[in-house]
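Peer 1: The first sequence begins at 1 in this note's numbering and counts up one residue at a time.
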Amino acid sequence: MDTYEKIIGLAKRRGFLWNSFELYGGTAGFYDYGPLGATMKRRIEDIWRDIYVIGEGFYEIETPTIGIEPVFVASGHVHGFSDPMTVCSNCDSAFRADHLIKDIVEIPDTLSAPEIKQLIDEHDIKCPQCGGVGMFGEVFDFNLMFKTTIGSGTQRMGYLRPETAQGMFINFDRLFRFYREKLPFGVTQIGKAYRNEISPRQGVIRLREFTQAEAEIFINPRDKSHPRFSTIKNTVIRFYPASRQQNDSDSDSDGVIELTVGDAVDQGIVAHEFLAYHLVLTNRFLVRAGIDPARLRFRQHQPDEMAHYAVDCWDAEVLTDRFGWVEIVGIADRADYDLSSHANHSQHDLSVVLEYDTPKQVERIVIKPDMSMIGPLYKGKAGKVLAALKNLKEEDLNGDEINITVDGEEIRIPRDVVEYETVIEEVRGENVIPHVIEPSFGIDRIIYAALEHSFEEEPVRCLFCWDRVPGNDSRRLRKRLMEVYTGIDWVENAEIHKSYGCKTIRILKDENSAEIIIDEKEEKATIKISDGRFGSLSVKKGVRDGLLYIYRVPVSEKTGVVARTATKEIPLPGTIIRESGRYVLHLPAEVAPVQVAVLPLLTREELIDPAIKIVDILRRSGIFVSYDDAGTIGRRYRRNDEIGTPFSVTIDYDTLDDGTVTIRDRDSMVQVRVQVRELAEKVHAMMRSGFDSPIPL
RNA sequence: GCGGCUGUGGUUUAGUGGUAUGACAUGAGCUUCCCAAGCUUAUAACCCGGGUUCGAAUCCCGGCAGCCGCACCA
Numbered sequence: 001m002d003t004y005e006k007i008i009g010l011a012k013r014r015g016f017l018w019n020s021f022e023l024y025g026g027t028a029g030f031y032d033y034g035p036l037g038a039t040m041k042r043r044i045e046d047i048w049r050d051i052y053v054i055g056e057g058f059y060e061i062e063t064p065t066i067g068i069e070p071v072f073v074a075s076g077h078v079h080g081f082s083d084p085m086t087v088c089s090n091c092d093s094a095f096r097a098d099h100l101i102k103d104i105v106e107i108p109d110t111l112s113a114p115e116i117k118q119l120i121d122e123h124d125i126k127c128p129q130c131g132g133v134g135m136f137g138e139v140f141d142f143n144l145m146f147k148t149t150i151g152s153g154t155q156r157m158g159y160l161r162p163e164t165a166q167g168m169f170i171n172f173d174r175l176f177r178f179y180r181e182k183l184p185f186g187v188t189q190i191g192k193a194y195r196n197e198i199s200p201r202q203g204v205i206r207l208r209e210f211t212q213a214e215a216e217i218f219i220n221p222r223d224k225s226h227p228r229f230s231t232i233k234n235t236v237i238r239f240y241p242a243s244r245q246q247n248d249s250d251s252d253s254d255g256v257i258e259l260t261v262g263d264a265v266d267q268g269i270v271a272h273e274f275l276a277y278h279l280v281l282t283n284r285f286l287v288r289a290g291i292d293p294a295r296l297r298f299r300q301h302q303p304d305e306m307a308h309y310a311v312d313c314w315d316a317e318v319l320t321d322r323f324g325w326v327e328i329v330g331i332a333d334r335a336d337y338d339l340s341s342h343a344n345h346s347q348h349d350l351s352v353v354l355e356y357d358t359p360k361q362v363e364r365i366v367i368k369p370d371m372s373m374i375g376p377l378y379k380g381k382a383g384k385v386l387a388a389l390k391n392l393k394e395e396d397l398n399g400d401e402i403n404i405t406v407d408g409e410e411i412r413i414p415r416d417v418v419e420y421e422t423v424i425e426e427v428r429g430e431n432v433i434p435h436v437i438e439p440s441f442g443i444d445r446i447i448y449a450a451l452e453h454s455f456e457e458e459p460v461r462c463l464f465c466w467d468r469v470p471g472n473d474s475r476r477l478r479k480r481l482m483e484v485y486t487g488i489d490w491v492e493n494a495e496i497h498k499s500y501g502c503k504t505i506r507i508l509k510d511e512n513s514a515e516i517i518i519d520e521k522e523e524k525a526t527i528k529i530s531d532g533r534f535g536s537l538s539v540k541k542g543v544r545d546g547l548l549y550i551y552r553v554p555v556s557e558k559t560g561v562v563a564r565t566a567t568k569e570i571p572l573p574g575t576i577i578r579e580s581g582r583y584v585l586h587l588p589a590e591v592a593p594v595q596v597a598v599l600p601l602l603t604r605e606e607l608i609d610p611a612i613k614i615v616d617i618l619r620r621s622g623i624f625v626s627y628d629d630a631g632t633i634g635r636r637y638r639r640n641d642e643i644g645t646p647f648s649v650t651i652d653y654d655t656l657d658d659g660t661v662t663i664r665d666r667d668s669m670v671q672v673r674v675q676v677r678e679l680a681e682k683v684h685a686m687m688r689s690g691f692d693s694p695i696p697l
């Protein structure tokens, strides 16, 4: 069972992701978000809004998911997304049918599928793969857009949008006015997009209906610096530039270099500041959403894979267990392609005036034709002649006659019917079409990656947290030692302290002692007991908190996951063999669907009543709480670990005496005791700043 | 879309031409003073359609879904 299966199994079992339409047999490429999945998705979208809408001031808009045909003709999707295909029945290779006949007809685009098929048959086209003749099957239309009709007449074609971006481009002129006609400005949209994939087989990685979060930032094409670049230029991110991808591109990560974005721009790796700024923003978002920075890289498009109009393009990619590196975000400088194309197709000017800092004085000639002469001379053509004259440049006016062309006809105009003079004009700016920076996020893939990256299987219980002994974990250490080793009940009342530069923990009681020593590199540890027993322990750094945790089995270096099989360690005599593990989602608190679980220690009325009151208190303070009193407390902790609940509040008999409860941390399993009246505030502080954070004053 | 393999409770699994085994999970109850699987008990399945047959979940065909390979992948 690989990690993907575990994640999908967990997601299905616990209500994150379900295959859609399962009741009727299911359909590939569609997933439902269950209660936990939908909650988590909303939280991730809200983080995105926090960064782009609130942080950058890019207002969010909402446009229809159905678009009319001209929009997607202009965007290139109608032609770019729809290809006639045919399959060779001999070798089963699929080909673009229009490419097969491109030497026979000049514009195969205009032919219908049956016409192409006919041409292939008539000209005995060979299969480029196997050379077979007459083996091609029917030509079928390979359209990645879902088609529909608008209205009852069935005449007007509509398409489900294949990306959210076009809704923003076609509102450009209104948006520009909304932003008081200043560049740069940005606009965002989060919504569904649709692509009728041929065979979506990678679960939630390739969907037919998916959620995109996109920002379109319209910038001055003459100036791609970013006003806040200095604030982020020292941020280090993992670049995988095109120049380092030559050999064996996809699988290895050797070409990745870590650089500050400032250096990346200076060295010409990233085209300009504006793009680099958005790489940083993307990086920040992904880490907040639960992506492991060590399994994240920014890959630059090769010149030949980039769209012809794009200036520079970077994909954020995450490393997944089954699929390798997967694109989850694309960040492109699309130049003026989209706006120019919509301007051409819609016949609306989408250029903007860029005002100069100081108006320029420009010399210009003004032509003054004598209409009383030109009118009678050219009669019906006089209007067109006039227009042609006004476009003339100074050098055209030398000589005795002026040559112009009207409707393909050369006309010579006597020099003396046209007067001109030179004037000095003040030019305040120029017309340009803004360039577009487009970060485009695949939310569903990000959710999968966050699940996989935060997933951990601990087959063996953690003995204790090194950094919390002595301290919060002393009690756990004592208990674990008694569970794992026989005949050392004396540790129950033993003193525990740390010495030798914090590299040794000593446990002392009368004549008995034990010590645990960690090596210099903090990779291994050993335990020695005064009765002569000893054994090796392993050390693991916490996924989120960076603290050191001690386990009884080796930790895999590659994945950081605790290995299942103990290697050559000789089991200590008296070791209890049975040990238990747990599934944990180390999701950031901000992303976890359930934020706090409220658990009475025992299923008893005297504990249930106060627990339910505490649920109310927390809910009123805006925290998403689940309440659970079924089974033992340990099982309930595990249930919540598995869905990533960061904190559990436990009500015990001390609660009845002194009004305190414990808060248990998912990652370290450490508990702290707090007053009920401070609980809500404390939980809010922990969700912001981590476990056991103090309440800010 | 093509080829190969697969399809049993929520998950996983045993099994046979005469409707099915176990485990985990879940519910109820008991037990339990902090890290799952102790007790009692309950619920729950043979992907869908057609064919062969007295009878099919088991055999055959088709569909759907999953996995693998080919092709495709803004």
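Cβ atoms here follow ideal geometry from the backbone N, Cα and C, with glycine treated the same way.
Could you give the uninterrupted runs of the beta strand (DSSP E) lying entirely in the segment 589–674, keeping only those of 3 residues or more?
Peer 2: With a minimum length of 3 residues, the continuous beta strand (DSSP E) runs that stay inside the segment 589–674 are 596–600, 625–627, 647–651, 660–665.
Peer 1: Tell me the rounded alpha-carbon separation between ARG42 and VAL71.
Peer 2: Here residue 42 is taken as the residue at index 42 of the first sequence, counted from 1. Here residue 71 is taken as the residue at index 71 of the first sequence, counted from 1. Looking at the two C-alpha atoms, the distance is approximately 29 Å.
Peer 1: From the DSSP output, in three-state form, read off LEU10 for me.
Peer 2: The residue you call residue 10 lines up with position 10 of the first sequence. LEU10 falls in the helix class under three-state DSSP.
Peer 1: How about ARG620 and THR645: are their beta carbons less than 8 Å apart?
Peer 2: Position 620 of the first sequence, counted from the start, is the residue given in the question as residue 620. Position 645 of the first sequence, counted from the start, is the residue given in the question as residue 645. Result no, Cβ atoms of ARG620 and THR645 do not sit closer than 8 Å.
Peer 1: Considering only C-alpha positions, which residue in the set GLY29, PHE455, VAL311, CYS465 is nearest to ILE197?
Peer 2: Counting from 1 along the first sequence, the entry for residue 197 is found at position 197. Before going further, note that residue 197 is Glu rather than Ile in the sequence given. Residue GLY29 is the option with its Cα nearest to GLU197.
Peer 1: For the putative contact between ILE331 and THR422, defined by C-beta atoms under 8 Å, what is the C-beta separation to the nearest angstrom?
Peer 2: For the purposes of this step, residue 331 is taken as the residue at position 331 of the first sequence. For the purposes of this step, residue 422 is taken as the residue at position 422 of the first sequence. At roughly 48 Å, the Cβ-Cβ gap does not stay under 8 Å, so ILE331 and THR422 are not in contact.
Peer 1: My guess is that GLN212 and GLY191 are in contact by the Cβ rule of under 8 Å, so how many angstroms apart are they, rounded?
Peer 2: As a position in the first sequence, residue 212 is number 212, starting the count at 1. As a position in the first sequence, residue 191 is number 191, starting the count at 1. That belief holds up - the Cβ atoms of GLN212 and GLY191 are roughly 7 Å apart, short of 8 Å.
Peer 1: Excluding the 5 residues preceding and the 5 following LYS224 in the sequence, name in chain order all residues of the same chain whose CB lies nearer than 6 Å to its CB.
Peer 2: Against the first sequence, residue 224 aligns to sequence position 224. Counting only Cβ-Cβ distances below 6 Å, and skipping sequence neighbours, we find HIS272, PHE274.
Peer 1: Give the secondary structure of PRO293 by DSSP, where H, G and I count as helix, E and B as strand, and everything else as coil.
Peer 2: Sequence index remark: in the first sequence, residue 293 carries index 293 (1-based). Residue state, collapsed to three classes: helix.
Peer 1: Under a Cβ-count criterion, where at least 16 other Cβ atoms within 10 Å of its own Cβ denotes burial, should TYR637 be classed as buried or exposed?
Peer 2: The residue given as residue 637 occupies position 637 in the first sequence. That one is buried.
Peer 1: Given a cut-off of 8 Å, decide if HIS453 and ARG299 are closer than it, judged by their beta-carbon atoms.
Peer 2: Along the first sequence, read from residue 1 onward, the residue named residue 299 stands at position 299. Along the first sequence, read from residue 1 onward, the residue named residue 453 stands at position 453. No, the Cβ-Cβ distance between ARG299 and HIS453 is not below 8 Å.
Peer 1: Using a Cβ-based criterion (distance less than 7 Å to any ligand heavy atom), does HIS345 qualify as near the ligand PLP?
Peer 2: Ligands displayed in this structure: none; no statement on the ligand PLP is therefore possible.
Peer 1: Once DSSP output is grouped into helix, strand and coil, what is the label at SER249?
Peer 2: Your numbering for residue 249 matches position 249 in the first sequence. Model confidence at SER249 stands at a pLDDT of 46, short of 50, so the residue's coordinates are unreliable; what they give is reported in the following sentence. Of the three classes helix, strand and coil, the one that applies to SER249 here is coil, per DSSP.
Peer 1: Quick check on PRO588: buried or exposed, where buried means 16 or more other Cβ atoms within 10 Å of its Cβ?
Peer 2: As a first step, residue 588 is located in the first sequence; it is residue number 588 there, counting from the start. By the neighbour-count rule (16 or more Cβ atoms within 10 Å), PRO588 is buried.
Peer 1: Quick check: the Cα distance between ASP266 and ARG297, rounded to an integer number of angstroms?
Peer 2: As a position in the first sequence, residue 266 is number 266, starting the count at 1. As a position in the first sequence, residue 297 is number 297, starting the count at 1. When rounded, the distance between both Cα atoms is 20 Å.
Peer 1: Is it buried or exposed, LEU656, if we count other Cβ atoms within 10 angstroms and call 16 or more buried?
Peer 2: For the purposes of this step, residue 656 is taken as the residue at position 656 of the first sequence. Answer is exposed; the Cβ neighbour count stays below 16.
Peer 1: With a threshold of 16 other CB atoms inside 10 Å of the CB of ASP250, please say whether the residue is buried or exposed.
Peer 2: In the first sequence, the residue the question calls residue 250 occupies position 250. Per-residue confidence for ASP250 stands at a pLDDT of 46, beneath the threshold of 50, marking its modelled position as unreliable; no derived number is given.
Peer 1: Just to confirm, are ILE651 and ILE614 a CB contact at a threshold of 8 Å?
Peer 2: What you label residue 651 is simply residue 651 of the first sequence in a count that begins at 1. What you label residue 614 is simply residue 614 of the first sequence in a count that begins at 1. Closer than 8 Å, so yes.
Peer 1: Which runs of the beta strand (DSSP E) fall wholly inside the segment 311–365 and span at least 3 residues, in chain order?
Peer 2: Entirely contained in the segment 311–365, the beta strand (DSSP E) runs reaching 3 residues are, in chain order, 312–320, 324–333.
Peer 1: Can you tell me whether PRO221 is helix, strand or coil according to DSSP?
Peer 2: Counting from one through the first sequence, the residue named residue 221 turns up at place 221. Coil at PRO221, not helix or strand.
Peer 1: Kindly indicate which residue of ASP510, MET40, MET168 has the alpha-carbon position closest to the one of ILE488.
Peer 2: Position 488 of the first sequence holds residue 488. Per the Cα distances, ASP510.
Peer 1: If I measure Cβ to Cβ from GLY255 and keep anything under 7 Å in the same chain, skipping five residues before and after, which residues do I get?
Peer 2: As a working mapping, residue 255 is identified with position 255 in the first sequence. Closer than 7 Å at the Cβ level, and outside the excluded window around GLY255, lie TYR240, ARG244, GLN245.
Peer 1: Between ILE643 and VAL596, how many whole angstroms is the CB-CB distance? I'm expecting something under 8 Å.
Peer 2: Taking the first residue of the first sequence as 1, we reach residue 643 at position 643. Taking the first residue of the first sequence as 1, we reach residue 596 at position 596. Not really, about 12 Å apart at Cβ, beyond 8 Å.
Peer 1: In the DSSP assignment, find the alpha helix (DSSP H) that holds TYR448 and state where it starts and stops.
Peer 2: Residue 448 sits at position 448 when you count from the first residue of the first sequence. Residues 443–454.
Peer 1: Distance, Cα to Cα, GLU363 vs TYR356?
Peer 2: For the purposes of this step, residue 363 is taken as residue 363 along the first sequence, with counting starting at 1. For the purposes of this step, residue 356 is taken as residue 356 along the first sequence, with counting starting at 1. Spanning the two alpha carbons is a distance of roughly 17 Å.
Peer 1: Distance, Cα to Cα, ALA343 vs VAL625?
Peer 2: Position 343 of the first sequence, counted from the first residue, corresponds to residue 343. Position 625 of the first sequence, counted from the first residue, corresponds to residue 625. Their backbone Cα atoms lie some 51 Å apart in a straight line.
Peer 1: Tell me LEU585's beta-bridge partners as DSSP assigns them.
Peer 2: Position 585 of the first sequence, counted from the start, is the residue given in the question as residue 585. Answer is PHE455, bridged to LEU585.
Peer 1: Taking ASN220 as the reference, which of VAL432, ILE232, TYR33, GLY34 has the closest Cα?
Peer 2: Translated into the one-based positions of the first sequence, residue 220 becomes position 220. If we check each option's Cα against that of ASN220, VAL432 comes out closest.
Peer 1: Got a sec? Which residues, its chain only, sit under 7 Å from ILE695 by beta carbon, not counting five neighbours each side?
Peer 2: As a first step, residue 695 must be located in the first sequence, where it is residue number 695. Around ILE695: GLU678, GLU681, LYS682, ALA685.
Peer 1: Counting only the same chain and skipping the five closest in sequence on each side, list residues whose C-beta sits under 6 Å from that of MET687.
Peer 2: One-based indexing of the first sequence puts residue 687 at position 687. Around MET687: ALA589.
Peer 1: Can you tell me whether ALA757 is buried or exposed, with buried defined as 16 or more other CB within 10 angstroms of its CB?
Peer 2: Nothing in the structure corresponds to residue 757, since the chain is present only between 1 and 697.
Peer 1: Helix, strand or coil: which one does DSSP assign to THR575?
Peer 2: What you label residue 575 is simply residue 575 of the first sequence in a count that begins at 1. Confidence at THR575 is low in this model, with a pLDDT of 33, below 50, so the placement of that residue should be treated as unreliable; the coordinate-derived value is given next. THR575 falls in the coil class under three-state DSSP.
Peer 1: For HIS497, count neighbouring Cβ atoms within 10 angstroms of its own Cβ and tell me buried if that reaches 16, exposed if not.
Peer 2: The count along the first sequence starts at 1 and reaches residue 497 at position 497. By the 10 Å Cβ count, HIS497 comes out exposed.
Peer 1: Taking 8 Å as the cut-off, decide whether the C-beta atoms of PRO35 and GLY15 are in contact.
Peer 2: Position 35 of the first sequence, counted from the first residue, corresponds to residue 35. Position 15 of the first sequence, counted from the first residue, corresponds to residue 15. Closer than 8 Å, so yes.
Peer 1: Where does SER474 fall in DSSP's three states?
Peer 2: Locating residue 474 in the first sequence gives position 474, counting from the first residue. Reduced to three states, the DSSP call for SER474 is helix.
Peer 1: Quick check: the segment 437–445 against the segment 318–333, are there 3 or more CB pairs under 8 Å?
Peer 2: Yes, the segment 437–445 touches the segment 318–333.
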